[in-house]
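For reference, the structure is listed below as structure tokens.
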Amino acid sequence: MPEILENPRASCLMGGALGTLLAIPRVVPILHTGPGCSQMTHLGQIHQGGLKAESYMVTPPCTVMLEKEIVFGGLDRLRETIRGAIEVFDGDLYCVLTGCTAGIIGDDVGSVIAEFQDVPLVFADTAGFKGDTYAGYETALRVLSDALTRPRAGAPDRRTVNLFGIVPYQDLYWQGNLNEIRRILARLGVKTNTFFGVEESVGAFRQAARAACNLIFSPWLAREVEQVFRDRHGVESLRFDCCPMGPTETTRFVRAVGGALGLDPARVEAVIAEEEAYVYSFFSTLAGYMEQHRVALVGDAGTVTATLRFLVNDFGQIPVLAVVTDQIEDADARAAVEAALGALEFPRPPAVFLENDQWRIKEILRAYRDEITQIYGSALERETALELRCKYVNHTFPCSEKLIFDKGYAGYRGCLKLLEDIHTRNHLI
Amino acid sequence: MAGRGLNREGRHNTYYGDAGAFCEMDHKFRAGCMQNVNRTFMQAQQCPLVTAVRVMQSIHNSVIIAHAPLGCAGGMAMENGNVKLYRAMTGAPHENSRILSTNLDERDIIMGGEDKLRRAIGEAVRRYDPEVISIMMSCASGIIGDDVEAVIEEMQPGLKAVLVPVFCEGFRSKIPITGSDVAFHGIQRYLFRDIHPVRQDNLVNVIILPTCGALDRAYLTEMLAALGLEANFLPFAGSLADFRRMASARVSTSICSAFADDLLAYLQRTYDIPYTRFVLPIGSEETDEWLRGIAREVGREPEAEAYLTRERAKYMPKIREIRQRIRGKRVVITTNLMRSLSNVALARDFGFEVVAVQTALYDDFLSDELTKLSDTFGPETLLTLNGAQAYEQANLIRKLDADLFLGMGVDQARRQGVPAVFQVDRKDVTFGYRGLASLAVKLADALDNPNFVKKLAAHKKLPYRDAWYAENAFKYIV
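Residue numbers (this note's numbering), protein chains in the order written: chain A, 47 to 475; chain B, 68 to 545.
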């Protein structure tokens with residue numbers, strides 16, 4: 047059960063849903079919330095997710111619920127706000143998101159939505175108190191796929207895949223990571239629906255049932271969407287522990303996709319050979335001054351798992367500690383995350399903690415002070431790294447210290463960016 | 068309920084929402100027929116919680132509790148960055164703000180969140196032994212009716228930390244500054260208990276906003292030191308001792324006319340400390356007036372004149388040179404801060420033609436100030452009290468054919484191809500003559516090289532329909 051938290055590392059359900067929607071160009075969120083929910087979640091989710099403001103929206107339309115709406119209900123206000131939003135804003139999809147206020151007073155938003163027949167308008171119940179950023183991502187995925195994804199007419203497209211499990215703005219490098227996975231799959235002749243990012247549109251959701259399969263980069267996220275695609279559209283999912291990072295994990299991923307889609311093994315192996323050669327030509331220049339650190343990682347399950355595998359399996363670092371900061375309630379999901387963190391080409395698995403309270407995270411890191419020499423964490427870990435005199439890499443959410451456009455750490459080439467970063471003096475202390 | 072304070076909406080002669088030519092607006096106001104105005108369509112705004120956080124969070128050796136679901140701590144995450152920047156610029160060790168969220172969930176909404184609040188207070192004490200714990204209310208904790216005052220009454224005895232409730236529920240006001248009002252109300256009621264002040268003749272309270280950076284603070288310190296005064300800066304990064312020391316001061320002043328006015332009046336009422344607040348040290352005449360006002364209170368006029376003469380000699384040549392290059396430009400001045408008024412005053416220094424002014428609200432003070440300034444900007448200048456309605460701003464910017472945009476909301480103006488400057492700069496001096504010279508350079512630079520904004524506007528559209536720009540910008544006002 048959610049307990050009190052110091053320095054939260056996620057926003058509320060509405061914040062997660064808003065971040066997810068804003069990652070799709072030309073989607074107009076309409077907030078049925080108090081006056082400040084947009085700003086609060088921008089500051090807490092999008093701003094902390096690498097400083098980049100969303101590219102399309104300025105400020106979303108909002109019902110600005112005040113005392114009057116709390117007491118008498120906000121549906122009239124919602125109706126006129128939707129009307130104004132459609133008149134003023136030019137969007138491919140309008141999506142009403144509810145906040146705590148509408149959720150508590152129980153506004154029947156669906157009844158108002160039903161009045162707008164000829165408009166691409168949907169509604170997501172996103173009262174903030176019902177969950178965190180991840181729940182918001184799941185809710186947005188459900189609403190978008192329910193509303194937009196049409197049943198497939200003919201045979202599936204054997205050379206198209208859907209990609210899920212990377213949460214925009216919670217994964218700081220979501221745009222760059224999506225780009226790299228798309229690039230690699232394109233080399234294999236496979237088209238990727240990434241759904242989110244500057245080159246995408248809501249059209250990707252409309253086409254999604256035609257894909258050969260879903261690739262899901264998480265042991266615990268997107269379970270609902272997985273089921274919907276299997277039951278309703280006959281699209282199976284391939285699950286991976288994380289978005290692959292570094293040559294070992296990426297090659298494993300490429301072979302798995304090649305097998306699942308029945309790609310020509312010779313072509314797959316040729317791409318792998320070329321990509322690995324490229325990466326290793328840079329690795330070799332590091333041989334003179336690479337350092338072996340004893341590392342602690344603090345962050346979301348996906349980034350921590352992917353980074354740990356690269357650092358240990360490819361870069362020869364010593365895994366000591368992994369702190370996963372996601373609020374994961376389900377026992378099976380927790381076990382899956384822990385198992386993924388232990389699956390390393392190294393005899394001693396790291397100590398694994400699932401903890402998201404700043405004070406307790408700091409206590410955990412302090413307990414390992416004699417064993418760790420480098421911390422990969424959020425902006426909140428800089429303080430701890432200074433105290434423990436560890437090297438520090440600003441690597442996970444929340445991060446308001448650097449601007450992140452399309453830098454990614456995923457795949458073959460992304461890991462080179464991480465090596466550049468950790469060998470830049472700015473990131474050392 | 069005594070700790071809740073008043074909404075701006077409830078103040079005498081305070082209005083929001085309307086728009087029109089300044090002469091009409093002022094006529095309406097003086098004739099007593101101005102009204103609060105609503106819109107049938109709005110974009111999201113600030114809420115009182117954000118402005119309240121900006122008053123409370125940076126208090127030294129304090130913990131801030133968001134009695135709220137997770138998302139409401141977002142503004143605190145942002146403010147954490149501002150506090151860390153300030154610490155870095157003053158050489159203080161890197162340290163996170165101590166933020167606790169009660170992380171209210173569905174069960175708490177039904178069963179109440181008071182137990183979690185008790186636990187949060189307990190954890191704040193156990194973890195950090197702070198001097199102040201600020202308890203920030205939210206929409207959720209407000210609607211379910213958690214009795215935070217009862218929790219405080221129950222827990223305060225025996226605690227070193229002073230518990231301060233801040234009733235900044237998001238839905239309580241459409242005027243965001245209500246949040247800072249209620250935060251100062253909490254400070255006044257809870258931090259000033261049992262004070263027996265001993266007057267310190269050289270001490271001046273300076274109310275500053277978090278937007279006032281370390282260099283601004285150092286410069287204000289220098290200005291006041293020229294009068295032999297020691298500055299006690301609050302609330303940003305102040306300690307409990309600094310707050311309590313306020314009661315010993317000779318005089319108070321504020322660098323935002325709308326900010327903390329109740330607190331300043333309280334200090335005058337209770338401790339006989341006079342204050343100046345209506346003039347801010349932004350713009351040359353205003354800087355002179357600001358320092359002279361304080362000097363008059365403490366009998367140091369000659370020192371003030373000597374200092375101002377030195378500063379003018381140092382900075383005016385540069386300011387005059389730039390004025391020659393930028394005078395006559397058509398400028399839109401829009402900000403939610405009360406600095407917007409000072410921006411209008413800046414127009415006098417730079418010889419701008421002001422084509423529109425946006426403020427968050429309108430009251431006696433604003434009316435007087437704008438009347439004084441109307442020679443500069445003319446009676447037909449558009450005045451909007453809309454508080455960040457970006458779609459209206461976009462519409463107006465296109466119609467007004469402005470050369471320059473000054474104030475809050477630069478992102479959208481730049482995306483429309485208009486060079487824009489936001490004068491809040493935490494890494495620079497923005498007050499006094501030095502700040503004026505620095506701003507002059509920024510304005511000239513923005514006009515001299517508009518390449519980024521021009522090409523950006525050519526490549527990217529704002530999200531509004533083309534048809535919107537042909538509409539009356541105030542179409543949704545009812």
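Idealized CB from N, CA, C, for every residue including glycine.
{"Item": "Of the residues that make up the segment 367–379 of chain A, which ones have a beta carbon closer than 7 Å to any beta carbon in chain B?", "Value": "none"}
{"Item": "Relative to chain A, which residues along the segment 229–243 of chain B have a C-beta separation below 9 Å, given in chain order?", "Value": "E236, G237, F238, R239, S240, K241, P243"}
{"Item": "I want to see whether chain B comes within less than 9 Å of R412 of chain A, judged by CB atoms only; does it?", "Value": "no"}
{"Item": "Counting only C-beta atoms, is N260 of chain A closer than 9 Å to chain B at any point?", "Value": "no"}
{"Item": "Quick one: what does DSSP say S319 of chain B is sitting in, helix, strand or coil?", "Value": "strand"}
{"Item": "Figure out for me which residue from B:I464, B:D175, B:V491 has the closest Cα to the Cα of R482 of chain B.", "Value": "B:I464"}
{"Item": "State the DSSP-derived secondary structure class of I421 of chain A, mapped to helix, strand or coil.", "Value": "strand"}
{"Item": "Taking the alpha carbon of R532 of chain B as the reference point, which residue from B:F234, B:G474, B:E459, B:G499 has its own alpha carbon closest?", "Value": "B:E459"}
{"Item": "Hey, is the segment 240–249 of chain A in contact with the segment 118–134 of chain A, meaning 3+ C-beta pairs nearer than 8 Å?", "Value": "no"}
{"Item": "Over what stretch of residues does the alpha helix (DSSP H) that includes R228 of chain A continue unbroken?", "Value": "220–233"}
{"Item": "Would you mind working out which of A:E272, A:V274, A:A255, A:D287 sits nearest P265 of chain A, comparing C-alpha positions?", "Value": "A:D287"}
{"Item": "Exposed or buried, which one is N80 of chain B when buried takes at least 16 other CB atoms within 10 Å?", "Value": "exposed"}
{"Item": "Could you check whether the segment 318–335 of chain B touches the segment 377–393 of chain B, counting it as contact only if at least three pairs of C-beta atoms, one from each stretch, sit closer than 8 Å?", "Value": "no"}
{"Item": "As an exercise, report each continuous alpha helix (DSSP H) stretch of at least 4 residues that is fully enclosed by the segment 97–177 of chain A, in chain order.", "Value": "113–118, 121–134, 146–151, 155–159"}
{"Item": "Could you say which of B:T376, B:Y286, B:F300, B:I242 lies nearest to C114 of chain B if we only look at CA atoms?", "Value": "B:I242"}
{"Item": "For chain A, is any of its Cβ atoms less than 9 Å away from the one on V192 of chain B?", "Value": "no"}
{"Item": "For S446 of chain A, go through chain B and note every residue whose CB falls closer than 7 Å to its CB, in chain order.", "Value": "G148"}
{"Item": "Taking M203 of chain B as part of the alpha helix (DSSP H), name the residues at either end of that continuous run.", "Value": "Element bounds for M203 of chain B: not the alpha helix (DSSP H) but the beta strand (DSSP E), 199–203."}
{"Item": "Leaving out the 5 sequence neighbours to the left and right, which residues in its chain are closer than 8 Å to N516 of chain B when beta-carbon positions are compared?", "Value": "none"}
{"Item": "In chain order, which continuous runs of the alpha helix (DSSP H) of length 4 or greater are located wholly inside the segment 293–344 of chain B?", "Value": "307–312, 328–338"}
{"Item": "Under 7 Å Cβ to Cβ from I116 of chain A, same chain only, skipping five residues before and after it: list those, please.", "Value": "T147, I151"}
{"Item": "Excluding sequence positions up to five away, which residues of its chain have a Cβ less than 6 Å from the Cβ of G304 of chain A?", "Value": "V314"}
{"Item": "What are the start and end residues of the alpha helix (DSSP H) that includes T351 of chain A?", "Value": "347–355"}
{"Item": "Which of the three DSSP states is assigned to Y257 of chain B in this structure?", "Value": "helix"}
{"Item": "I'd like the ranges of any beta strand (DSSP E) spanning at least 3 consecutive residues and lying wholly in the segment 123–208 of chain B.", "Value": "129–133, 165–168, 199–203"}
{"Item": "Compare the beta carbon distance of E427 of chain A and I407 of chain A with 9 Å and say whether it is the shorter of the two.", "Value": "yes"}
{"Item": "State the CB to CB distance for the pair A191 of chain B and T169 of chain B, rounded to an integer number of angstroms; the pair is presumed to be in contact (CB under 8 Å).", "Value": "Rounded, the Cβ-Cβ distance is 11 Å, inconsistent with contact."}
{"Item": "Suppose contacts are defined by Cβ-Cβ distances below 9 Å. Is Q425 of chain B in contact with T448 of chain B by that definition?", "Value": "no"}
{"Item": "Note down, in chain order, each residue of its chain lying with its Cβ closer than 6 Å to the Cβ of V545 of chain B, except the 5 sequence neighbours on either side.", "Value": "N105, T107"}
{"Item": "In the DSSP assignment, the beta strand (DSSP E) including N239 of chain A goes from what residue to what residue?", "Value": "237–239"}
{"Item": "Does the segment 397–411 of chain A touch the segment 70–78 of chain A, meaning 3 or more C-beta pairs lie closer than 8 Å?", "Value": "no"}
{"Item": "Which whole-angstrom value is the C-beta distance of G292 of chain A and F356 of chain A, which I expect to be below 8 Å?", "Value": "3 Å"}
{"Item": "Is the Cβ of S247 of chain B closer than 9 Å to any Cβ of chain A?", "Value": "no"}
{"Item": "For K183 of chain B, which residues in chain A fall below 7 Å Cβ to Cβ?", "Value": "I50"}
{"Item": "For the structure I just gave you, are there three or more beta carbon pairs, one from the segment 224–238 of chain B and one from the segment 80–90 of chain A, closer than 8 Å?", "Value": "yes"}
{"Item": "Using a beta-carbon distance cut-off of less than 8 Å, what residues from the segment 109–126 of chain B approach chain A?", "Value": "M109, Q110, A111, Q112, Q113, C114, P115, L116, V117"}
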